[in-house]
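Below is one structure, written out as structure tokens; comments come after it.
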Amino acid sequence: MIPFDFEYYRPESLTEAVQTYETLISQSKTVLYYSGGTEFLTFSRVNQLYADAIIDLKGIPECNVLELQEDQLVIGSAVSLNNITESNLYPLLGQTVKKIADHTSRNKISIGGNLHSRLIYREAVLPLLVADATVKLTGNDGETVHPLKDLFNQELKINPGQFIVQINISKDYTTLPFVSLKKTKISKVGYPVVSIAALVKERQIRAALSGVCPYPFRSSEIESVLNNSSLTKEEKIEKAGTLLPSPIIEDIQASRDYREFVFKNTLLETLEALEAAQA
Amino acid sequence: MMENPWFSVGKPEHRIDAVAKAAGAVRYTADYSVPGILHAKLATSTQAHAKIKSIDVTESWKVPGVRAIITGKIFPFHIGPILADRPPLAFEKVRYYGEPLAIVVADHEYQAKRAADLIKVEYEPLQVVNSVREAFKTDAPLIHENSGQYMKIISNVYPVQGTNIGSHIKIRKGDFIKAWENCEYKVKETYSFNLSDHAAIEPRCVRVEINPTGKVVVHSTTQSPFTIKKVLNQFFNIDVGNIIVHVPMIGGAFGGKGTVQLEPLAYLASKAVGGKMVKLEYDREEDLITAPGHIGLEATIALGTNKSGKLMAGQYTYLIDSGAYTDQAAGITRAAAIDCTGPYNIANVWCDSYCMYTNHPYATSFRGYAHPELTFAVERTMDQLAKIIHMDPVELRTINAIKPGNSSPTRTTLNASNIGDVSKCIERAKELINWNEGARKETAEGMIRAKGISTFWKTSTTATNAQSGAILKFEPDGSVNLSCAAIEIGQGTKTILAQMVAERLKMDINKVHVTMEVNTQTDPHQWRTVASSTTFLAGRAVMNAADDAIAQLKRTASIALQCSMEDLEIGGGRVYLKPSPEYGVKIEDIALGYKFPNGHAVEGQVVGHGRYIQRHLTPMDKDTGFGKPGPWWSVGTQAIEVEWNPKDCTYKILKALTVLDGGKIINPMTAVQQMRGGMYLGLSFASHEGFQFGTDGTVLNPQLRTYQLMRFGDQPADYIVDFIETPAADGPYGARGIGEYGVIGMAGALANALSRAAQIELNHLPLLPEQIWNVRKEFKNDSV
Amino acid sequence: MISNGTSKTVVKLHVNGETRDVMIRSADTLLETLREQLGLTGAKRACQNGDCGACTVLVNGEPMHACLSLSIETVNQPIMTIEGLRNSSIQQEFVDKWAIQCGYCTPGFILNCHALANKRPDADDETIEEWMQSNLCRCTGYQEIKEAVKSVLQNHKNDSAS
Ligand SMILES: Cc1cc2nc3c(=O)[nH]c(=O)nc-3n(C[C@H](O)[C@H](O)[C@H](O)COP(=O)(O)OP(=O)(O)OC[C@H]3O[C@@H](n4cnc5c(N)ncnc54)[C@H](O)[C@@H]3O)c2cc1C
Ligand code: FES
Ligand code: FES
């Protein structure tokens with residue numbers, strides 16, 4: 001149970017959401033956007049999160065879109081992970097988010113909430129990073145569209161009051177050969193030791209990783225090693241290991257050394273799986 | 001002899017509780033609420049070892065709805081089931097992360113929680129004892145400075161003042177030292193695992209009220225309602241007769257609900273609000289770490305054989321991580337000594353079993369009570385010994401299997417009735433797992449398939465006067481009500497007891513109504529529902545009650561039928577004349593006495609009562625362990641087949657097998673359920689589970705998100721269960737206990753299978769891929 | 001816009017085909033409201049953290065952890081709890097296949113299975129596993145539950161074929 005009380009608002013339009021936010025902020029309240037709510041609920045019950053008011057985005061039509069619009073796949077931020085998987089509109093995304101949490105939770109967890117999660121994993125971001133996704137935000141300066149890579153540096157950097165409305169992916173990416181792998185400590189339901197989403201575009205591997213470092217990332221250095229045809233697979237993996245953006249983490253899921261072992265295995269598996277697509 | 005058409009024992013009768021459970025209609029303890037009930041929440045320690053300098057509740061009182069706040073000062077005394085070493089609310093110091101410090105009582109649970117979160121505690125940190133090995137060191141910080149002064153509740157507990165030893169149990173059988181010198185082959189290895197948890201899906205919950213006449217009414221998720229009465233009487237000075245404990249069905253227990261923790265807290269809370277009803281329902285986090293869990297262990301075993309592989313000497317050192325308090329871990333320490341050897345005949349045994357205090361959450365009984373733990377260590381040693389001797393591990397077990405005529409470590413003489421047939425279990429398991437077709441092979445895909453075997457035994461260590469009672473009360477339609485304080489925790493006990501009644505009274509089981517709830521005021525005394533003792537104890541009591549009822553029915557019938565009681569037989573809802581069965585009287589016509597056609601009535605209602613008490617059990621001698629701790633041993637063999645991936649060290653469990661000699665099986669389906677569930681629990685423990693401790697003794701995985709259990713799909717593709725039914729002469733219908741047994745050999749068998757697969761020695765749990773990878777890496781480093 | 005302040009408010013929930021008034025805080029989870037206000041205690045509180053599935057109910061026919069929803073979020077949505085499922089073949093299968101021991105996980109499993117049978121009647125083993133992994137059982141070892149689920153799906157298929 002949540003020990004504190006808060007106000008709840010479910011606006012029906014983007015402007016209403018932004019206005020509600022502004023009003024509440026002007027009353028000096030702590031306000032949080034709320035979408036699937038799984039993080040809000042599980043964190044606030046153990047006092048790791050507090051809000052005077054929450055604004056539920058699920059009532060906003062734009063945030064519930066999930067469709068192809070011309071050459072763009074548009075995913076509303078409030079769409080549940082299961083809906084994304086079941087739609088099969090972008091299989092790499094569908095397969096990656098299918099490995100987050102458990103099936104029942106994925107009926108509730110939204111993609112927007114996952115991208116902005118406080119946990120270090122945010123696995124839904126991986127397939128978006130490799131697909132050069134763009135993100136539509138709204139806030140008190142109105143709607144803006146940004147390449148995801150400009151907004152996502154270790155975590156989602158958006159201004160207070162802004163929220164994700166939609167994510168756009170160019171349709172071309174949705175049919176590319178891909179691989180999605182997640183390795184956990186032992187159970188199929190669990191945080192990743194290593195999670196990887198990769199695809200091949202114009203024979204070039206693009207890969208993003210979660211679980212290895214204290215944040216998800218896509219690294220052009222690592223990609224260029226992976227795509228360097230003068231190297232053997234083993235050399236690529238060795239080299240990639242030296243190019244990580246931070247030291248490998250150590251936590252209750254896995255030790256640093258073991259994570260490194262799993263990272264290398266997973267990379268090998270990835271390379272093998274994408275070999276044909278690269279040839 | 002005429003075939004009994006109403007037989008029930010040995011039949012897979014459906015569980016009498018299943019339909020209501022499927023409908024979600026069973027109300028468990030937490031499912032009851034009444035308007036006006038108050039809610040309690042705990043403030044718990046954020047440190048593993050620290051002096052409490054101050055507790056400030058000022059802010060908490062400001063939360064609306066708060067009715068009482070109490071701290072350890074209110075009851076600065078120690079309680080405990082074996083050694084009274086634990087204050088219900090910490091005072092002066094805290095000894096584990098998650099220890100209860102204060103209770104807030106409020107109108108709503110969220111208010112109580114908010115207020116509890118606002119309690120400010122100032123600590124003075126003390127050096128943390130973070131493992132049994134650290135605890136054992138002579139200069140280790142003391143967790144209990146005055147353990148020598150604690151009151152002993154049970155005689156077999158020996159705290160050593162000035163150390164972290166909460167108890168030390170010894171076995172000295174034969175002459176180990178001399179025998180060891182003469183051994184041809186020897187092995188000595190060390191094993192370990194951390195504390196873990198029962199993680200029953202139902203968290204613990206209790207409601208307590210004190211009514212104006214002084215009656216304390218408790219509703220609890222407990223396996224031991226009569227122990228609650230005892231504890232409240234012993235430590236809180238309430239007359240036993242004034243304590244009433246109600247227990248509805250329980251959502252899984254696994255030993256974790258056998259001890260008493262919440263009830264005194266809720267009692268203190270209720271007292272603080274003038275006796276109003278207070279509900280204390282643990283959150284999962286509290287259930288995992290505040291409530292007692294499953295012991296950790298570090299074991300060192302040395303085994304020696306003669307030339308032909310016959311075990312001559314065994315030395316066992318068990319350092320049991322009991323956490324901050326001894327609770328049932330002190331009893332587990334004793335149980336580990338009693339059966340230290342596993343089911344092997346060894347003439348010279350030396351065992352030191354220590355209950356060690358550490359700054360970990362404390363431990364209590366866990367399904368198997370020391371046996372899954374010691375069996376893991378013993379069975380790993382047996383496999384490593386077999387390797388040294390170059391003998392097939394199954395063969396090594398077979399030639400050393402304990403038999404009638406041998407004696408146990410505590411020198412109980414074994415006979416066919418009290419030990420069952422170990423060799424037969426081994427033989428059958430070997431067949432069923434196809435041992436002869438090879439214990440390790442590589443598949444075409446580069447996977448390794450390997451098998452592991454584990455043999456086990458367990459005696460049911462109950463109190464020497466453990467007992468049970470039963471009452472049978474008839475309805476005017478001839479059906480019968482059974483009340484007995486055995487608790488339905490999911491094991492199917494109520495169904496089994498109904499079967500015994502039906503069998504004895506030769507009646508349709510649908511005419512047996514079992515009271516599912518337990519009420520200590522109306523149900524006869526029952527020791528506890530633990531130690532796989534219930535089928536045995538309650539079963540004997542129920543049979544006894546049935547015999548009593550039969551005698552009464554026959555007596556009334558003899559009047560109605562004008563014959564002697566000896567002429568009568570019972571069956572099919574009637575009492576009839578043996579020589580001419582068509583001549584008889586319906587039970588419904590005599591259940592409430594017999595009424596003659598003229599209106600005169602005789603005899604009155606039939607109320608059968610029965611009882612059973614353990615006999616000839618004795619405590620153990622302090623210096624040698626000599627004694628008779630339990631009535632019988634159930635024995636068995638388990639095996640596992642795994643498919644292990646040498647590339648990434650992950651694995652799948654293909655098969656899990658149990659062959660158990662549980663005496664007569666009363667209900668083959670509930671017995672299979674119990675075995676599968678036990679195997680699952682053992683495998684989940686062995687492969688997934690264990691608390692992870694920070695260097696400061698905090699628990700890093702106090703949620704099911706990170707304290708992971710095996711999920712649907714992780715279970716073995718195939719569970720195989722088989723029973724050898726060597727009857728126990730004094731068991732009801734020849735039954736022994738089976739409840740705990742499925743769990744016992746699983747860790748040993750899994751570790752043996754994976755060790756064989758990876759060709760390394762896996763002596764630490766849990767068997768995570770990382771663990772296997774790590775051992776393999778070290779092994780490779782060692783061998784270069 | 002639906003909104004609710006910090007004091008308690010009466011809202012309507014659609015549960016098991018009935019419209020019910022409940023008085024809630026914004027912070028009340030669906031699990032708390034079902035159990036404490038409507039007496040629908042078939043939804044169990046076992047982790048309140050989305051980890052165990054004991055609280056599973058159906059919202060709009062989809063399995064949801066009732067502990068991961070605010071009550072206020074579910075206003076205007078059909079909710080089904082185990083109490084709304086009476087004498088279904090699923091319940092019978094769980095009984096017949098010995099899939100019940102302590103019964104604490106049972107309502108969650110049954111509702112999840114019910115949704116699976118409705119949404120994915122042709123589910124293969126992998127899908128069954130994916131769905132059922134959301135629920136923990138500590139007593140059975142899952143074998144009997146698996147048999148029950150498979151048999152439910154099979155019956156469903158047979159029913160729709162005939
Ligand atoms: C059982 C379980 C298992 C889990 N396992 C995993 C796992 O394996 N891997 C993993 O990555 N995660 C895992 N998680 C964490 C999970 O990913 C987060 O709880 C979830 O992603 C949050 O999504 P939500 O929609 O429920 O978020 P909410 O709780 O609604 O929001 C989360 C955060 O995002 C913000 N937010 C919500 N919507 C938007 C928006 N449109 N724009 C900007 N900010 C927004 C909120 O303000 C909040 O700060 C698990 C969670 C559970 C319950
Ligand atoms: S109580 Fe909701 S998932 Fe455990
Ligand atoms: S039957 Fe007990 S948890 Fe599943």
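Protein chains in written order, with this note's numbering: chain D, 1 to 279; chain R, 1 to 784; chain W, 1 to 162. Each residue gets a CB set at the ideal place from its N, CA and C atoms; glycine is no exception.
Suppose you measure from the CA of residue i to the CA of residue j; what does that come to, to the nearest Å?
i: I724(R); j: M620(R); result: 30 angstroms
i: Y344(R); j: R397(R); result: 8 angstroms
i: M1(R); j: E263(R); result: Unreliable positioning characterises M1(R) in this predicted model, as indicated by a pLDDT of 37, which lies under 50. The coordinate reading is nonetheless provided below. Their Cα atoms are separated by approximately 53 angstroms.
i: R10(D); j: D56(D); result: 5 angstroms
i: T534(R); j: A735(R); result: 11 angstroms
i: L119(D); j: T38(D); result: 12 angstroms
i: I559(R); j: V514(R); result: 29 angstroms
i: P524(R); j: S468(R); result: 7 angstroms
Anything in chain D within Cβ reach of residue i, meaning under 9 angstroms, just list it in chain order.
i: Y110(R); result: M1, I2, P3, F4 and D5
Are residue i and residue j touching if we call contact CB-CB under 8 angstroms?
i: T326(R); j: G162(R); result: no
i: S151(W); j: P121(W); result: no
i: V518(R); j: L472(R); result: no
i: S187(D); j: R711(R); result: yes
i: I570(R); j: L592(R); result: no
i: A470(R); j: C484(R); result: yes
i: S147(R); j: F685(R); result: no
i: C102(W); j: I250(R); result: yes
Return yes when the C-beta of residue i is under 7 angstroms from any heavy atom of ligand 4, and no when it is not.
i: T38(D); result: What this structure holds is ligand 1, ligand 2 and ligand 3, not ligand 4.
Name the chain W residues that come within less than 8 angstroms of residue i, Cβ to Cβ?
i: S105(D); result: G50, H65, L68 and S134
i: Q599(R); result: Position check: residue 599(R) holds Gly in this sequence, whereas Gln was assumed. In chain order: nothing, as chain W lies at least about 45 angstroms away.
i: A101(D); result: G50
State yes or no: is the C-beta of residue i nearer than 7 angstroms to some heavy atom of ligand 3?
i: Q101(W); result: yes
i: G252(R); result: yes
Using the beta-carbon of each residue, which ones in chain R are nearer than 9 angstroms to residue i?
i: P107(W); result: K21, A22, A23 and G24
i: F261(D); result: D648, C649, E770, W773 and K777
Under the criterion of a Cβ to heavy atom distance below 7 angstroms, does residue i qualify as lining ligand 2?
i: C137(W); result: no
i: N49(W); result: yes
i: H103(D); result: no
i: C213(D); result: no
i: G53(W); result: yes
i: L31(W); result: yes
Taking 7 angstroms as the line, does the beta carbon of residue i fall inside it for any heavy atom of ligand 1?
i: R282(D); result: In the structure as shown, chain D starts at 1 and stops at 279, and residue 282(D) therefore has no counterpart that could be examined.
i: S110(D); result: yes
i: L288(R); result: no
So with CB distances below 7 angstroms, who are the chain D contacts of residue i?
i: L472(R); result: Within chain D, no residue comes near L472(R); the closest Cβ sits about 44 angstroms away, beyond 7 angstroms.
Listing by chain order, which chain W residues have their CB less than 9 angstroms from the CB of residue i?
i: P203(R); result: R45, A46 and C47
(message) Residues of the region 626-649 of chain R in Cβ contact with chain D at a cutoff of 9 angstroms, in chain order, please.
(response) K647, D648 and C649
(request) Check each residue of the region 34-52 of chain W: if its Cβ is closer than 9 angstroms to any Cβ of chain R, include it; give the result in chain order. (result) R35, E36, G39, L40, T41, G42, A43, K44, R45, A46, C47, Q48, N49, G50, D51 and C52
(message) For the region 17-39 of chain D, list every residue whose C-beta sits within 7 angstroms of some C-beta in chain W, in sequence order.
(response) G37 and T38
(request) Check distances from the C-beta atoms of the region 89-106 of chain W to those of chain R and list, in chain order, the residues that come in under 7 angstroms. (result) Q91, F94, V95, W98, I100, Q101, C102, G103, Y104, C105 and T106
(message) Please list, in chain order, the residues of the region 658-690 of chain R that have any C-beta partner in chain D closer than 9 angstroms.
(response) S687 and H688
(message) What are the residues in the region 445-474 of chain R lying within 8 angstroms of chain W by C-beta distance?
(response) none
(message) Against chain D, which members of the region 687-720 of chain R pass a CB distance test of less than 9 angstroms?
(response) S687, H688, Q692, L700, N701, Q703, R705, T706, Q708, L709, M710, R711, G713 and D714
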